[in-house]
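Chemist:
Residue numbers (my numbering): 74 to 224.
(1) With C-beta atoms as the reference, is residue 159 less than 8 Å away from residue 96?
(2) Is it buried or exposed, residue 182, if we count other Cβ atoms within 10 angstroms and call 16 or more buried?
(3) So residue 222 packs on residue 204, CB below 8 Å; how close in whole Å?
(4) Are residue 153 and residue 179 close, meaning C-beta to C-beta below 8 Å?
(5) Starting from residue 96, trace the alpha helix (DSSP H) both ways and give me its first and last residue.
(6) Relative to the alpha-carbon of residue 193, which residue among 156, 79, 87, 93 has its alpha-carbon at the smallest distance?
(7) Where does residue 195 fall in DSSP's three states?
(8) Is it the case that the Cβ atoms of residue 99 and residue 83 are separated by a distance below 8 Å?
(9) Between which two residues does the beta strand (DSSP E) containing residue 187 stretch?
(10) How long is the line joining the alpha carbons of residue 92 and residue 212, rounded to whole angstroms?
(11) Using the Cα positions of residue 189 and residue 87, report the straight-line distance between them to the nearest angstrom.
Below, the structure written as structure tokens:
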């Protein structure tokens, strides 16, 4: 197997992309060679053991500001319990779990967050009416980011 040469330019581009997007980690793979760049993580060797995805729990309203940059979180917001990719339906082409104006009951599935290739349903923490949906299908989300509002 040929030696894999790490391009300093590629690492810098990936680091810049982390800064631009606000992500904490990015991974790039080509020809079975993988490079991972992460912020604030000390990694021994070339790979770290992945952390277990947290067990999804009902979400309480978020603190006053979200992780994205100081915007106020709406009252009644349901926030992301983990970092991942949000999906509004069970599969492409199917109707979304909820729409604006829908009444939801406590425990009803609102959306799915994919984290580490595991689909985690997000349950409604309380009954009410969906008044806002703050995300779009397939959007990456951060921990604590407001996803939708239930009043």
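From the three backbone atoms N, C-alpha and C, an ideal C-beta is built for every residue, glycine too.
Modeler: Answer, in terms of the structure:
(1) no
(2) exposed
(3) 5 Å
(4) no
(5) Counting along the chain, residue 96 falls outside any alpha helix (DSSP H), and DSSP gives it neither H nor E.
(6) 156
(7) strand
(8) no
(9) 182–188
(10) 17 Å
(11) 20 Å
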